[in-house]
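A.B. asks: Okay, here's the structure, questions in a sec.
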Amino acid sequence: MVFLLLAGCGQSTVVTRKPIERPTQRPHATRPVGPSYTVQRGDTLYGIAFRNKQDFKDIAAWNGIVSPYVIYPGQVLKLSPATGPQVASRFPTPPAPRPDPQGLAPTGKPNRTSGTVQRVATDSGVSGQSSPDPQPVTAPVAVSPARAENGSTEASTSTTPAVGTALSWRWPTAGDVVSRFVAGDPTRQGINIGGAAGQVVNAAADGVVVYSGAGLIGYGELVIVKHNDEFLSAYGHNRKRLVAEGESVRAGQPIAEMGRSGAARDMLHFEIRRKGKPVDPLAHLPRR
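Below you can see the structure in the form of C-alpha cells.
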C-alpha cells in the first residue's frame, strides 16, 4: 500500500502553456506620402486651398471629401494626388457626416444650412487632435453684421454663376496701382491699390463669400469671394470686413473697408485666382 502511494506521488502531469499573443494595434488611417496639411480649428477647405494655391475641388477629390465639404480638426489632408506607399497616421478616419438639423449661425441663432461654405467643428475641445467621435458642423448661410443686429435670420441663398458664364469684372476700389502682379513671385500674386483708411472695397463680380477672417498669414483682414467653379477673388489688408461667410454679394457691393492690416500702408491687396492659381488681375479688370 505504501509502495502504491509513493508510486502515485512520483507521477505528475506537465501542462504546456502557449505564449500569450497580444493583438497588434492597427492604425486608424494613413498619412499620405507627399505634401499634406493637418486641419486646425477654424479652417475651411477654401482657405486651405487658397493658402496652398490649389483648387478646392482637387483637394476634395484627393481626400474623398464631398459636398458640403465637412472637415475636422486633426484631419490630415493630401495636397497632391496620392502616389507611392502610405505611412500609418495617428488620426482616425472621420465618420460619415451626420446632418445637423439645427445648423447654428455665427450669431448662435438657428439658420438654414448651405453646402456652399463650411467650417470645421470648433467645439471639439482640442485643436489638431482627433476626438473619439468627431462631430461635423456644416456651416449655415451666414448673415451680415447689419442683418444680425436687426434680428433677421434670412440670408441670401443665390448661387454663383455656372462654369463658362462670362464674368463682368469691375475695379474693387479707386486708387493707383502701387504694386503689380509678377508670375511665379510668391510676394506678387496680385496687385496693390493705394488709398485711404476706411475707403470702400467692393466685390469685383457677383459671387458668394467663402472666407471672411484674418487666419491667413500675410493678408490681414481678408475676404474671399467665389464667383463660379473657376474663379475666386481675394481682398486683403482691410481695416474692417463687412460680409460674412456664406453671404451672396453683387458686383460693386461694399464688402470691406480699406486698411493696413498686415501691410505698411493703407491699400487693398487684390487677387484673382483661376482654378486655385493666381492670375494677373489687370488682364481681367477693365482698362481705366
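First residue of the sequence shown: 22, per the numbering used here; consecutive thereafter. For each residue, glycine too, the CB sits at the ideal point set by N, CA and C.
Kindly indicate which three-state DSSP category Arg191 falls into: helix, strand or coil?
C.D. replies: If DSSP states are grouped into helix, strand and coil, Arg191 belongs with coil.
A.B. asks: Roughly how many angstroms lie between the CA atoms of Val222 and Leu237, to the nearest whole one?
C.D. replies: Approximately 19 angstroms, taken between the alpha carbons.
A.B. asks: Taking the beta strand (DSSP E) that Lys247 belongs to, which residues open and close that run?
C.D. replies: From DSSP, the beta strand (DSSP E) with Lys247 extends over 242-247.
A.B. asks: Taking only three categories from DSSP, how would you classify Gly239?
C.D. replies: Of the three classes helix, strand and coil, the one that applies to Gly239 here is coil, per DSSP.
A.B. asks: State the CB to CB distance for the pair Pro94 and Phe202, rounded to an integer number of angstroms; the pair is presumed to be in contact (CB under 8 angstroms).
C.D. replies: Between Phe202 and Pro94 the Cβ distance is about 34 angstroms, and since that is not below 8 angstroms, they are no contact.
A.B. asks: Could you please give the first and the last residue of the uninterrupted alpha helix (DSSP H) stretch that includes Tyr67?
C.D. replies: First-last of the alpha helix (DSSP H) with Tyr67: 66-72.
A.B. asks: Can you give the Cα-Cα distance for Arg83 and Ala195, rounded to whole angstroms?
C.D. replies: It should be noted that the sequence gives Trp, not Arg, for residue 83. Between Trp83 and Ala195, the C-alpha separation is close to 40 angstroms.
A.B. asks: Between the alpha carbons of Trp192 and Leu100, how many angstroms are there, rounded?
C.D. replies: Using only the alpha carbons, I get a separation of about 32 angstroms.
A.B. asks: Report yes if the CB atom of Leu306 is closer than 8 angstroms to the CB atom of Phe252, and no otherwise.
C.D. replies: No, they are not a contact pair.
A.B. asks: Hey, could you find the ends of the beta strand (DSSP E) Phe77 is sitting in?
C.D. replies: No beta strand (DSSP E) contains Phe77, which is instead part of the alpha helix (DSSP H) from 77-83.
A.B. asks: For Ala235 and Val270, which I take to be in contact (beta-carbon distance under 8 angstroms), what is that distance rounded to the nearest angstrom?
C.D. replies: The Cβ separation is near 19 angstroms, so there is no contact.
A.B. asks: Output the distance between the C-alpha atoms of His248 and Val231, rounded to the nearest integer angstrom.
C.D. replies: Going from the Cα of His248 to the Cα of Val231 covers about 10 angstroms.
A.B. asks: Just the Cα atoms here: how many angstroms apart are Arg262 and Glu268?
C.D. replies: Each residue's alpha carbon lies about 12 angstroms from the other.
A.B. asks: Kindly give me the distance between the Cβ atoms of Ala204 and Asp287, rounded to whole angstroms, as I take these residues to be in contact under 8 angstroms.
C.D. replies: Not confirmed; about 27 angstroms, so no contact.
A.B. asks: In terms of DSSP beta bridges, what is Pro275 paired with?
C.D. replies: In the DSSP output, where bridge partners are listed per residue, Pro275 has Asn223.
A.B. asks: CB Ala70 to CB Gly297, shorter than 8 angstroms?
C.D. replies: Contact: yes.
A.B. asks: For Val184, which residues from the same chain have a beta carbon less than 7 angstroms from its beta carbon, with the 5 sequence-adjacent residues on both sides left out?
C.D. replies: Here the model assigns Val184 a pLDDT of 45, short of 50, so the residue's position is not dependable and the matter cannot be decided.
A.B. asks: Leaving out the 5 sequence neighbours to the left and right, which residues in its chain are closer than 7 angstroms to Gln75 when beta-carbon positions are compared?
C.D. replies: Counting only Cβ-Cβ distances below 7 angstroms, and skipping sequence neighbours, we find Leu100, Gly297.
A.B. asks: Can you look up Pro307 in the DSSP assignment and give me helix, strand or coil?
C.D. replies: In the structure shown, Pro307 sits in coil (DSSP, three-state: anything other than H, G, I, E or B).
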